[in-house]
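Inspection log for the structure reproduced underneath, given as C-alpha cells.
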Amino acid sequence: MSRRVDSEHLDTHIKWRLFDIKNELYFVGMRSDDGLVLYIYSPFQDLVQTKITDDQLHKAKYQFSTKEAMDLLLTQGNDVDFSFQQDNVLQLGLLLHSGMRATLELPYNKVHSVERYDVMSSLSFWQMRSILALTSMNEELQKMLVEKDSAIEFLGYTAKEYGGSRLIRRWAPIGSQNYETLTKFKPGVWKKSWVEKNRWKTKSRRAALLANDLEVLDQVEQADYRPKTPTPEDTVAEEAHEEFREDSQVTDSFLATLSDAEFSDKINSQ
56 MSRRVDSEHL
66 DTHIKWRLFD
76 IKNELYFVGM
86 RSDDGLVLYI
96 YSPFQDLVQT
106 KITDDQLHKA
116 KYQFSTKEAM
126 DLLLTQGNDV
136 DFSFQQDNVL
146 QLGLLLHSGM
156 RATLELPYNK
166 VHSVERYDVM
176 SSLSFWQMRS
186 ILALTSMNEE
196 LQKMLVEKDS
206 AIEFLGYTAK
216 EYGGSRLIRR
226 WAPIGSQNYE
236 TLTKFKPGVW
246 KKSWVEKNRW
256 KTKSRRAALL
266 ANDLEVLDQV
276 EQADYRPKTP
286 TPEDTVAEEA
296 HEEFREDSQV
306 TDSFLATLSD
316 AEFSDKINSQ
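Per my numbering, residue 56 is the first one in the sequence shown, and the count goes up by one each step.
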C-alpha cells in the first residue's frame with residue numbers, strides 16, 4: 056500500500072518533458088523541493104538527478120529563480136540544451152525571458168534503489184497518459200479530415216456547376232503542392248508515408264532506437280491491407296461515402312477523379 060501511495064505522490068509532483076538534444080531523446084522530470092530537482096533519463100544512459108537552488112543562482116549572479124527555470128524547461132523546446140561533462144557535471148543551457156542565455160554547471164549523481172523505482176514509475180505513468188491522449192487526438196483528427204474531404208468534394212461540385220473548373224485547375228496544376236493538397240486522406244496510406252519519411256539515414260543512436268518501432272509499424276500497416284470480409288457496417292459506410300473507397304481508385308485527387316463528364320452525370324442524377 057505504501058508503495059502505491061509513494062508512486063502516486065511522485066506522479067503528481069514530477070512534471071515530465073521529452074527533449075531531442077543533438078538527435079538523442081531525453082526524458083526530463085522536474086520537481087520542486089527547496090529548489091528544483093531534475094531527473095534525466097535516456098535509453099542510452101542511467102537515470103541521474105541534479106538540483107538547482109535559488110542560492111546557487113544568486114551566487115552565479117543570474118537574475119531568475121528556480122521557479123522560472125522550471126517554467127522555461129516546461130515551455131521551451133529547441134532553446135534548451137544540456138550535455139554531460141567530465142567529473143559528473145551537467146551543463147544546462149536556458150534561454151531566459153530577457154533574451155539572455157544562461158549556462159549552468161550542475162553536479163549530478165545516479166539514482167539508485169527505491170527512488171529509482173518511484174521515478175521510473177512516474178515516468179511510465181506519464182508515458183501512458185501521453186499515449187492515451189495522443190491516440191484519442193489521432194482518432195478525432197482522422198474523423199475531422201474525412202469530414203473535411205467530404206466538404207471539399209461538395210465545394211468542388213459547386214464550383215464546377217458555376218464554371219469554376221479552370222480556376223481550380225490553375226490553382227492546382229498536376230504535380231503541384233496544391234494538387235497534392237486536394238488528395239483524399241487515407242489513414243493507412245498516410246502512416247506508410249510517415250514511416251518512409253522517418254527512416255533516418257544518419258547512423259545515430261536515436262535512429263537505432265526507433266528502427267524496430269518502424270518495422271513493427273510496417274507490419275501493422277501490411278495487416279491493415281489484408282482482404283477482409285465486409286461487415287454490414289462496412290457496406291453501409293461505403294454506400295454512404297463511395298468517394299472514400301480505397302480499393303478501386305488509381306488516384307485519390309479530387310481533380311483527377313472528378314472530370315467534367317463525371318460531374319455532369321452526378322449533378323443530373325441528383
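Quick reminder that beta carbons are idealized off the backbone N, C-alpha and C, glycines included. Predicted model only: the values in this text are computed from it and were never measured.
Close Cβ partners of F86 (< 6 Å) along its chain, the five nearest in sequence each way excluded
Translated into the one-based positions of the sequence shown, residue 86 becomes position 31. With the sequence shown as reference, residue 86 is identified as Arg, and Phe is not the correct amino acid for it. Answer for R86: H68, I69 and V92, listed in chain order.
Problem set entry | Cβ-based neighbour list, T121, same chain, cut-off 8 Å, excluding 5 preceding and 5 following | The residue you call residue 121 lines up with position 66 of the sequence shown. Excluding sequence neighbours, T121 sits near S87, G90, L91, I107, T108, D109 and L112.
**Item:** M155 burial status per 10 Å Cβ neighbour count (16 or more: buried)
**Value:** To locate residue 155, count along the sequence shown from 1; it is residue 100. It counts as exposed.
Segment contact flag, the region 95-105 with the region 157-173, C-beta cutoff 8 Å, min 3 pairs: yes
Exercise. Just checking, does the region 117-132 make contact with the region 183-194 on the three C-beta pairs under 8 Å criterion?
Worked result: no
Give the secondary structure of F119 by DSSP, where H, G and I count as helix, E and B as strand, and everything else as coil. Within the sequence shown, the letter at position 64 stands for residue 119. Three-state DSSP puts F119 in coil, outside helix and strand.
Beta-carbon proximity of Y234 to A227, cut-off 8 Å
As a working mapping, residue 234 is identified with position 179 in the sequence shown. As a working mapping, residue 227 is identified with position 172 in the sequence shown. Yes, the pair counts as a contact, with Cβ atoms nearer than the cut-off.
Separation of Y117 from S248, as counted between CA atoms
For the purposes of this step, residue 248 is taken as the residue at position 193 of the sequence shown. For the purposes of this step, residue 117 is taken as the residue at position 62 of the sequence shown. Distance between the alpha carbons of S248 and Y117 is about 47 Å.
Euclidean distance between Cα positions of E170 and L196: Within the sequence shown, the letter at position 115 stands for residue 170. Within the sequence shown, the letter at position 141 stands for residue 196. Using only the alpha carbons, I get a separation of about 39 Å.
Please classify A316: is it buried, with 16 or more other beta-carbons within 10 angstroms of its beta-carbon, or exposed?
-> Walking along the sequence shown from the start, residue 316 turns up at place 261. In this prediction, A316 scores a pLDDT of 45, lower than 50, which makes its location untrustworthy; the coordinate-derived value is nonetheless stated afterwards. Classification of A316: exposed, given that the 10 Å Cβ count is below 16.
Practice item. Note down the Cα distance separating L149 from F137, rounded to an integer number of angstroms. Key: On the sequence shown, residue 149 is found 94 positions in, with the first residue counted as 1. On the sequence shown, residue 137 is found 82 positions in, with the first residue counted as 1. Each residue's Cα considered, the two are about 9 Å apart.
| said: Let me make sure I understand the geometry here. Which of S179, F119, Q131 and H167 has the alpha-carbon closest to that of L159? | reply: What you label residue 159 is simply residue 104 of the sequence shown in a count that begins at 1. It is F119 whose Cα lies nearest to the Cα of L159.
- Throw me the rounded Cβ distance for the V174 and G84 pair, which I believe falls under 8 Å. Residue numbering aside, residue 174 sits at position 119 when the sequence shown is read from its first letter. Residue numbering aside, residue 84 sits at position 29 when the sequence shown is read from its first letter. Yes, they are in contact, since the Cβ atoms of V174 and G84 sit about 7 Å apart, within 8 Å.
Would you decide whether S185 is buried or exposed? Buried here means 16 or more other CB atoms lie within 10 Å of its CB. Here the question's residue 185 lines up with position 130 in the sequence shown. With fewer than 16 Cβ atoms within 10 Å of its Cβ, S185 is classed as exposed.
Discussion item. Counting C-beta neighbours from all protein chains within 10 Å, is the total for I207 16 or more, i.e. buried, or is it exposed?
Written reply: Looking up residue 207 in the sequence shown gives position 152. Exposed: under 16 other Cβ atoms inside 10 Å.
*In three-state DSSP terms, what is T190?*
On the sequence shown, residue 190 is found 135 positions in, with the first residue counted as 1. In this structure, T190 counts as helix in the three-state DSSP scheme.
K165, enclosing beta strand (DSSP E) - first and last residue:
On the sequence shown, residue 165 is found 110 positions in, with the first residue counted as 1. Start and end: R156 to K165.
Within 10 Å of its beta-carbon, does I95 have 16 or more other beta-carbons around it, so buried, or fewer, so exposed? The residue labelled residue 95 in the question sits at position 40 within the sequence shown. Answer is buried; the Cβ neighbour count reaches 16.
Next item on the list: Return the bridge partner residues of Y212 from the DSSP annotation.
Entry: The sequence position of residue 212 within the sequence shown is 157, counting from 1. Its beta-bridge partners do not exist; DSSP assigns none.
Would F139 and L200 be called neighbours here (beta carbons separated by less than 8 Å)? Numbered from 1 along the sequence shown, position 84 holds the residue referred to as residue 139. Numbered from 1 along the sequence shown, position 145 holds the residue referred to as residue 200. In this structure, L200 does not lie closer than 8 Å to F139 by Cβ.
Practice problem: Could you name the residues that DSSP lists as bridge partners for F138? | Solution: As a first step, residue 138 must be located in the sequence shown, where it is residue number 83. Before going further, note that residue 138 is Ser rather than Phe in the sequence given. Looking at the DSSP assignment, S138 forms a beta bridge with Q146.
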